[in-house]
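Residue numbers (our numbering): 215 to 439.
Ideal placement from N, C-alpha and C gives every residue a C-beta, glycine not left out.
Computed from a prediction, not measured in an experiment: that's the story for all the values here.
Accompanying notes for the structure given below.
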């Protein structure tokens with residue numbers, strides 16, 4: 215467990231202590247954006263490998279056993295996580311890392327719902343697995359991703375506000391971190407046709423494939439029939 219906690223803190227520290235902070239801006243000015251992204255990617259890969267290995271070998275204590283009805287609900291909860299993830303990949307978004315992610319006009323598609331769809335997909339994934347596993351090692355492992363996802367949203371917003379204030383002003387005026395908040399506040403409207411039919415079809419197909427293949431890939435059955 216100590217190694218798992220250290221690995222989790224390293225993972226959180228890399229993402230919240232560097233990415234999205236003014237320290238990142240300082241490093242980028244010194245070594246350049248391309249070199250920073252390459253270095254950050256390598257550090258992230260090393261950190262996640264260490265985190266997974268530590269989780270696989272960590273001692274753990276079971277705190278609760280999820281009943282079958284809860285496991286079924288948790289499996290269903292992964293559907294919106296898949297939808298958010300697929301939609302985030304298929305939608306241009308200035309909060310995303312990488313080139314050509316800018317907002318051409320007004321926010322479209324899933325960005326009308328939340329400007330951080332990918333991070334929300336990771337947050338849902340982490341909560342589902344914490345609730346379903348119910349042991350201390352899983353809380354630390356998936357909790358690291360949950361903290362990174364939730365804290366990463368305002369961190370990314372702050373970075374965008376510093377780097378592209380005009381883009382941030384337009385984006386923040388029409389979108390929200392909390393899903394559907396901007397729509398409820400009448401700052402935006404939900405337009406399903408902008409998401410289309412392909413995105414939910416891909417999401418459902420991926421959900422079914424992973425649900426069936428979960429025992430083979432990870433050694434656990436999400437839903438016990």
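Next item on the list: Report all residues from its chain with a CB closer than 6 Å to the CB of residue 286; omit the five preceding and five following residues, and keep chain order.
Entry: 437
Check: Which partner residues does residue 239 have in the DSSP bridge list?
Finding: DSSP lists no partner for residue 239.
Checklist line | Simplified DSSP assignment, three categories, for residue 314 | finding: Unreliable positioning characterises residue 314 in this predicted model, as indicated by a pLDDT of 41, which lies under 50. The coordinate reading is nonetheless provided below. Of the three classes helix, strand and coil, the one that applies to residue 314 here is coil, per DSSP.
Check: Taking buried to mean at least 16 other C-beta atoms within 10 Å of its own C-beta, is residue 313 buried or exposed?
Finding: Interpretation of residue 313 is limited by its pLDDT of 44, a score under 50 that renders its predicted location unreliable; no figure is taken from the coordinates.
Next item on the list: Using the Cα positions of residue 276 and residue 418, report the straight-line distance between them to the nearest angstrom.
Entry: 31 Å
Next item on the list: Would you kindly work out how many angstroms separate the C-alpha atoms of residue 301 and residue 378, rounded to a whole number?
Entry: 24 Å
Next item on the list: May I ask you to report which of helix, strand or coil DSSP gives residue 276?
Entry: strand
Check: Could you give the distance in angstroms between the alpha-carbon of residue 323 and the alpha-carbon of residue 240?
Finding: 34 Å
Note to self: Give me the residue from 230, 256, 222 with the minimum Cα distance to residue 366.
What the structure shows: 230
Margin query: Check whether the stretch 326 to 338 and the stretch 253 to 261 are in contact - that is, three or more C-beta pairs closer than 8 Å.
Written below: no
Item checked: residue 349 - partner residues in DSSP beta bridges -> 276
Check: So, residue 373 versus residue 234, is the Cβ gap smaller than 8 Å?
Finding: yes
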